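First comes the structure, then the notes that go with it.
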Amino acid sequence: MTKQKVSVRVEDTNAVDEPVVVSFPSGLPESIHSGGSDNVAPKFSWQKKYEKLSSSRKIVGKDKHCIYTASAKGSLFDDRRTKLCVGVYDKKKGVLVLKQAATKGTVFALEQTVPSYLEHNKVIKTRTIEDVLSYGTNVYEDFGSSKKRKVLRSQAANRVEIDHVFGAGQGSAVVDKVMKGEAMSESNRKAVEASKKGDKDHNLAQEIAFETLRRNFLPPYNELAVKPNKVYEAKEIAGETAWSKIYNTVHYCTHQADVTSAIEECLGDKEKAWHDCTLKLVREITPDSNNAGHRYACTILLNHLINFFIANNRRKSIAPIDEKSSSHFGIPNEVASKFLELFTTEMQNKSGKFSYAMSKTDKDKCIVHALVLYMIAHGPSMKIGNVKKIADDMKVPLNDCGNMLRLAGCTVAKKGPIMSAILKTPLTFPPPKRGGPRGR
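Quick note: the sequence shown uses the working numbering, first residue 1, plus one each step.
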């Protein structure tokens with residue numbers, strides 16, 4: 001058995017020659033998958049996304065059939081503990097050179113779109129296509145607004161049978177791939193498989209769609225948790241980077257002589273920096289209790305989130321973070337970047353500049369996250385004695401807050417003007433109803 005000595009060298013990162021690593025979640029391009037010479041492999045370009053952000057990049061590719069796009073929002077969005085490196089081995093020298101992938105070790109998951117349809121000779125059953133479309137309609141019928149349902153009814157009235165369109169009945173490449181399960185997300189794949197099998201149990205396509213919507217709307221949750229305080233985790237909401245930023249502040253404050261005063265002053269002028277509901281929480285926490293640090297951190301995160309909501313929920317456009325500044329709307333960049341990721345939708349204007357905006361769904365999602373954080377900050381009991389306090393600070397109707405808490409699996413009670421909420425296990429969610437989240 002021969003032994004060979006291999007040296008490993010890690011090179012400094014250089015934005016000019018960093019390797020760009022991509023993945024194809026929707027399936028490999030035809031040229032790569034088939035290995036044939038008829039199709040040319042996709043050509044990619046590496047572009048700067050924002051002029052002010054050197055670390056924010058996007059990758060765009062195109063081949064004969066599809067357009068591939070992916071983006072990374074930069075270092076401020078970096079919550080990863082592991083990052084990808086690319087190794088290049090020199091056999092002669094016995095040296096393995098490691099280079100960190102572009103944009104801090106990012107793997108760009110490419111989204112795939114098809115700008116045009118190609119025809120080929122494969123028969124698609126119209127009934128199956130209509131079945132697939134009906135599941136999306138059913139979801140909007142249960143979750144969508146009255147305006148959206150009106151649009152769907154109009155679309156249904158103007159729908160054309162695919163077999164009546166010349167060429168379409170003999171197979172559209174895109175439809176064929178959908179029916180094969182290619183270029184389809186995992187949740188959609190399960191939905192179509194369930195519809196084909198005709199399952200009548202909990203794996204029905206509609207129930208899978210509801211679960212997917214809940215996962216996208218609510219904070220990360222553990223539906224198998226035995227204790228109520230293990231269902232939602234504040235750290236999971238904040239992400240590693242934002243939580244570390246906040247917890248470092250808390251750690252410093254808890255080592256001061258007067259912990260409560262130190263926490264009150266850590267955000268600046270306590271009369272201006274804090275909201276009534278969060279300042280009251282800070283003063284209720286016993287500094288030497290076992291979970292005091294966690295509750296302080298959760299309360300600070302909640303205060304930042306309320307500030308973010310109030311500052312942006314009525315804006316038509318939200319500017320991206322400027323790396324030259326340490327804060328965005330008075331919120332630390334590490335925290336603000338996570339909020340932009342969770343509660344906004346990215347937009348691009350005619351001149352190519354990017355910005356953000358909060359849609360109605362984004363606003364509702366922000367509200368329910370704030371309410372869950374408010375409940376966590378109250379301690380392991382996961383109980384809110386008076387929801388009105390946070391509703392007043394966020395300027396959100398009390399009944400809307402109650403509906404959001406029910407969506408999060410909480411039991412809500414109202415006695416006179418006082419609304420209370422508690423989270424119990426096993427976690428149960430209300431059945432879906434018509435109308436948006438605020439109408440439930």
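Even glycine gets a Cβ: it sits at the ideal position worked out from N, Cα and C.
Just so we're clear, the structure is a prediction, and the values are computed from it rather than from any experiment.
So, are the CB atoms of I67 and V114 less than 9 Å apart?
Counted from its first residue, the sequence shown places residue 67 at position 67. Counted from its first residue, the sequence shown places residue 114 at position 114. Taking 9 Å as the Cβ cut-off, I67 and V114 qualify as a contacting pair.
C-alpha distance - P25 paired with T106, whole-angstrom precision
Mapped onto the sequence shown, residue 25 falls at position 25. Mapped onto the sequence shown, residue 106 falls at position 106. Going by the C-alpha atoms only, they are around 15 Å apart.
Determine the contact status of P332 and K245, defining contact as a CB-CB distance below 9 Å.
For this step, residue 332 is matched to residue 332 along the sequence shown. For this step, residue 245 is matched to residue 245 along the sequence shown. Yes.
Express the C-alpha separation of V412 and D12 in angstroms, rounding to a whole number.
By one-based count along the sequence shown, residue 12 stands at place 12. By one-based count along the sequence shown, residue 412 stands at place 412. Between the alpha carbons of D12 and V412 lies a distance of about 55 Å.
Whose C-beta lies closer than 6 Å to the C-beta of I390 among residues of the same chain, with five residues either side of it excluded?
By one-based count along the sequence shown, residue 390 stands at place 390. Correct list, in chain order: C277 and Y374.
Close-in-space but distant-in-sequence residues of the same chain around V95 (CB under 7 Å, 5 per side omitted):
As a position in the sequence shown, residue 95 is number 95, starting the count at 1. Counting only Cβ-Cβ distances below 7 Å, and skipping sequence neighbours, we find S7 and R9.
Integer Cβ distance of L405 from L427, believed to fall under 8 Å
On the sequence shown, position 405 is the one that residue 405 refers to. On the sequence shown, position 427 is the one that residue 427 refers to. In fact, because the Cβ distance is near 13 Å, the residues do not count as touching under 8 Å.
Quick check on K365: buried or exposed, where buried means 16 or more other Cβ atoms within 10 Å of its Cβ?
Counting from 1 along the sequence shown, the entry for residue 365 is found at position 365. K365 comes out buried.
H255 by DSSP, collapsed to three states: which one?
Sequence index remark: in the sequence shown, residue 255 carries index 255 (1-based). The answer is coil: DSSP assigns H255 none of H, G, I, E or B.
If we ignore side chains and look at the alpha-carbon of each, how far apart do L76 and F309 end up?
By 1-based counting over the sequence shown, the position of residue 76 is 76. By 1-based counting over the sequence shown, the position of residue 309 is 309. At L76, the pLDDT of 45 sits below 50, so the modelled position is not reliable and the matter cannot be decided from this model.
Short of 6 Å in beta carbon distance, which residues of its chain neighbour V165, apart from the five on each side in sequence? Order them along the chain.
The residue given as residue 165 occupies position 165 in the sequence shown. Residue placement at V165 is flagged as unreliable, the pLDDT there being 48, under the threshold of 50; the coordinate-derived value follows with that caveat. Cβ neighbours of V165 beyond the five flanking positions: none.
Compare the C-beta of V22 with all C-beta atoms of chain D and state if any pair is closer than 9 Å.
No chain D appears in this structure, which consists of one protein chain only.
Using only the alpha-carbon positions, how far apart do F249 and L302 sit?
For the purposes of this step, residue 249 is taken as residue 249 along the sequence shown, with counting starting at 1. For the purposes of this step, residue 302 is taken as residue 302 along the sequence shown, with counting starting at 1. Residue identity check: residue 249 is Thr in the sequence provided, not Phe. About 15 Å.
What distance in whole Å lies between the Cβ atoms of V387 and M419, which are believed to be in contact at a cut-off of 8 Å?
Along the sequence shown, one-based indexing puts residue 419 at 419. Along the sequence shown, one-based indexing puts residue 387 at 387. With 8 Å as the limit, M419 and V387 qualify as a contact, their Cβ atoms being about 4 Å apart.
Check this for me: beta carbons of D393 and H255, under 9 Å apart or not?
For this step, residue 393 is matched to residue 393 along the sequence shown. For this step, residue 255 is matched to residue 255 along the sequence shown. For D393 and H255, no; Cβs fall outside 9 Å.
Whole-angstrom C-beta distance between F343 and D362, which should lie under 8 Å:
Mapped onto the sequence shown, residue 362 falls at position 362. Mapped onto the sequence shown, residue 343 falls at position 343. Yes, D362 and F343 are in contact; Cβ-Cβ is about 5 Å, under 8 Å.
Can you tell me whether Y221 is buried or exposed? The criterion is at least 16 other CB atoms within 10 Å of its CB, across all chains shown.
For the purposes of this step, residue 221 is identified with residue 221 of the sequence shown, where counting begins at 1. Buried, since its Cβ has 16 or more Cβ neighbours within 10 Å.
Mark H369 as exposed unless 16 or more other C-beta atoms lie within 10 angstroms of its C-beta, in which case mark it buried.
If you number the sequence shown from 1, residue 369 lands on position 369. So H369 counts as buried.
Helix, strand or coil for G87 per DSSP?
Locating residue 87 in the sequence shown gives position 87, counting from the first residue. Three-state DSSP puts G87 in a strand.
Nonlocal neighbours in the same chain, by C-beta distance under 6 Å from R295, ignoring five residues either side:
Mapped onto the sequence shown, residue 295 falls at position 295. Excluding five sequence positions before and after R295, the CB atoms of its chain that fall closer than 6 Å to its own CB belong to I285 and A377, given in chain order.
At what residue ranges does the segment 205 to 286 contain a whole run of the alpha helix (DSSP H), taking only runs of 4 or more?
205 to 217, 234 to 238, 240 to 253, 259 to 265, 270 to 273 and 276 to 284
List the DSSP bridge partners of E444.
Given that the chain is displayed from residue 1 to residue 440, the structure contains no residue 444 and the question cannot be resolved.
Identity of the residue in D90, K147, W46 and K62 nearest A102 by Cα
Here residue 102 corresponds to residue number 102 of the sequence shown, with the count starting at 1. Taking only the C-alpha atoms, the option nearest A102 is W46.
Selected residue, minimal CA-CA separation from T299, among K280, S289, N313 and N312
For the purposes of this step, residue 299 is identified with residue 299 of the sequence shown, where counting begins at 1. Comparing Cα-Cα distances from T299 to each of K280, S289, N313 and N312, the minimum goes to K280.
If we ignore side chains and look at the alpha-carbon of each, how far apart do N22 and N313 end up?
To locate residue 22, count along the sequence shown from 1; it is residue 22. To locate residue 313, count along the sequence shown from 1; it is residue 313. Per the sequence presented here, residue 22 reads as Val, with Asn not at that position. V22 and N313: Cα-Cα distance of roughly 34 Å.
CA-CA distance, I263 and F354?
Counted from its first residue, the sequence shown places residue 263 at position 263. Counted from its first residue, the sequence shown places residue 354 at position 354. Answer to the nearest angstrom: the Cα atoms are 36 Å apart.
Buried versus exposed call for T241 [16 or more other C-beta atoms within 10 Å across all chains shown]:
Against the sequence shown, residue 241 aligns to sequence position 241. Within 10 angstroms of the beta-carbon of T241 lie 16 or more other beta-carbons, which makes it buried.
Taking only runs of the alpha helix (DSSP H) that begin and end inside the segment 314 to 367, which ones reach a length of at least 4 residues, in chain order?
333 to 343
Roughly how many angstroms lie between the CA atoms of K62 and H251, to the nearest whole one?
Walking along the sequence shown from the start, residue 62 turns up at place 62. Walking along the sequence shown from the start, residue 251 turns up at place 251. K62 and H251 have their C-alpha atoms roughly 49 Å apart.
Just the Cα atoms here: how many angstroms apart are A70 and K58?
Numbered from its first residue, the sequence shown carries residue 70 at position 70. Numbered from its first residue, the sequence shown carries residue 58 at position 58. Per the coordinates, the alpha-carbon of A70 lies some 6 Å from the alpha-carbon of K58.
Coarse secondary structure for T411, derived from DSSP in three states:
Residue 411 sits at position 411 when you count from the first residue of the sequence shown. Note: T411 maps to strand in three-state DSSP.
Can you give the Cα-Cα distance for K414 and L152, rounded to whole angstroms?
Position 414 of the sequence shown, counting from 1, holds the residue named residue 414. Position 152 of the sequence shown, counting from 1, holds the residue named residue 152. Whole-angstrom Cα-Cα distance: 36 Å.
What are the boundary residues of the beta strand (DSSP E) that L423 is part of?
Looking up residue 423 in the sequence shown gives position 423. From DSSP, the beta strand (DSSP E) with L423 extends over I418 to L423.
Given this structure, state the Cα-to-Cα distance separating E211 from K338, to the nearest angstrom.
The residue labelled residue 211 in the question sits at position 211 within the sequence shown. The residue labelled residue 338 in the question sits at position 338 within the sequence shown. Each residue's alpha carbon lies about 23 Å from the other.
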